[in-house]
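Novice:
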Amino acid sequence: MKTIITYGTFDLFHFGHVRLLERLSKMCDQLIVGVSTDEFNALKGKAAFFSYEQRSEIINACKYVSRVIPENNWQQKAQDIEHYDVDIFAIGDDWKGQFDHLASQCEVLYLTRTEDISTTEIKNNLSTT
Ligand code: C2G
Numbered sequence: 001m002k003t004i005i006t007y008g009t010f011d012l013f014h015f016g017h018v019r020l021l022e023r024l025s026k027m028c029d030q031l032i033v034g035v036s037t038d039e040f041n042a043l044k045g046k047a048a049f050f051s052y053e054q055r056s057e058i059i060n061a062c063k064y065v066s067r068v069i070p071e072n073n074w075q076q077k078a079q080d081i082e083h084y085d086v087d088i089f090a091i092g093d094d095w096k097g098q099f100d101h102l103a104s105q106c107e108v109l110y111l112t113r114t115e116d117i118s119t120t121e122i123k124n125n126l127s128t129t
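Take 1 as the starting number for the sequence shown in full-length UniProt numbering and just add one per residue.
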């Protein structure tokens, strides 16, 4: 069974997120998503509109996702890869090069981001209407 893991905040779930998860799901039998907790988001300097519980509920409802786990810190990826017997770590190419060190444990894949959509853009557009 081929397993892929990816991580993110996934706030205001949008088609950019969906297309990433859809592409990944087609490459594996099991897609695990680490959703950033509110505490970890604070470390990332991000303030999500939806809470961790709400964002996790939304990701869990996505048909492309097999399992949702909390992302509590930067360091857990190595343990998660071992624990879940992950074949591929994947993330959008806005992170290109940042996780190459995981290549000692599994394949590392950076997928192209979807153009013209981001949680920040959504928030900015809504705040000006
Ligand atoms: N994404 C995308 N296209 C977009 C927006 C986002 O493909 N238009 C991808 C990102 O590249 C990422 C995932 O969707 O792989 C989640 O994006 P964010 O919620 O912004 O995640 P981020 O804050 O980058 O957190 O340890 C990794 C971090 O937790 C990643």
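For each residue, glycine too, the CB sits at the ideal point set by N, CA and C.
Here the structure is a predicted model, which means the values were calculated and not measured.
What is the residue span of the beta strand (DSSP E) that GLU71 lies within?
Specialist: What you label residue 71 is simply residue 71 of the sequence shown in a count that begins at 1. Where GLU71 is concerned, the enclosing beta strand (DSSP E) stretches over 67-71.
Novice: CA-CA distance, ASP94 and SER118?
Specialist: As a working note, residue 94 is residue 94 in the sequence shown. As a working note, residue 118 is residue 118 in the sequence shown. Each residue's Cα considered, the two are about 12 Å apart.
Novice: For ASP116 and ILE59, what's the separation of their Cα atoms in angstroms?
Specialist: Counted from its first residue, the sequence shown places residue 116 at position 116. Counted from its first residue, the sequence shown places residue 59 at position 59. Rounded to the nearest angstrom, the two C-alpha atoms are 21 Å apart.
Novice: On the CB-based measure, 16 or more other CB atoms within 10 Å of its CB, does THR129 come out buried or exposed?
Specialist: Counting from one through the sequence shown, the residue named residue 129 turns up at place 129. Exposed is the call here.
Novice: Cα separation between GLN105 and GLN54?
Specialist: As a working note, residue 105 is residue 105 in the sequence shown. As a working note, residue 54 is residue 54 in the sequence shown. GLN105 and GLN54: Cα-Cα distance of roughly 31 Å.
Novice: By Cβ distance, which residues of its chain are closer than 6 Å to ALA48, with the 5 residues on each side in sequence left out?
Specialist: Residue mapping note: residue 48 aligns to position 48 of the sequence shown, counting from 1. So the qualifying residues of the chain are THR9, ASP11 and ASN41.
Novice: Taking the alpha carbon of MET1 as the point to measure from, which residue in SER25, PHE13, TYR7 and LEU20 has its own alpha carbon closest?
Specialist: Taking the sequence shown and counting its residues from 1, one reaches residue 1 at position 1. That would be SER25, whose Cα lies nearest to the Cα of MET1.
Novice: Does VAL108 have its Cβ less than 8 Å from a Cβ in chain C?
Specialist: No chain C is part of this structure, which consists of one protein chain only.
Novice: Where does the unbroken alpha helix (DSSP H) through residue 131 begin, and where does it stop?
Specialist: Here the chain covers residues 1 to 129 and nothing more, so residue 131 does not appear.
Novice: Is PHE10 near the ligand C2G, judged by its Cβ being under 7 Å from some heavy atom?
Specialist: Reading the sequence shown from its first residue, position 10 is the one you call residue 10. Correct: PHE10 has its Cβ closer than 7 Å to the ligand C2G.
Novice: What residue range does the alpha helix (DSSP H) around VAL18 cover?
Specialist: The residue given as residue 18 occupies position 18 in the sequence shown. First-last of the alpha helix (DSSP H) with VAL18: 15-25.
Novice: Give the secondary structure of GLN105 by DSSP, where H, G and I count as helix, E and B as strand, and everything else as coil.
Specialist: Looking up residue 105 in the sequence shown gives position 105. In the structure shown, GLN105 sits in coil (DSSP, three-state: anything other than H, G, I, E or B).
Novice: Taking the alpha-carbon of LEU31 as reference, which of CYS62, GLY97 and PHE50 has the nearest alpha-carbon?
Specialist: Numbered from its first residue, the sequence shown carries residue 31 at position 31. When only C-alpha atoms are compared, the closest one is CYS62.
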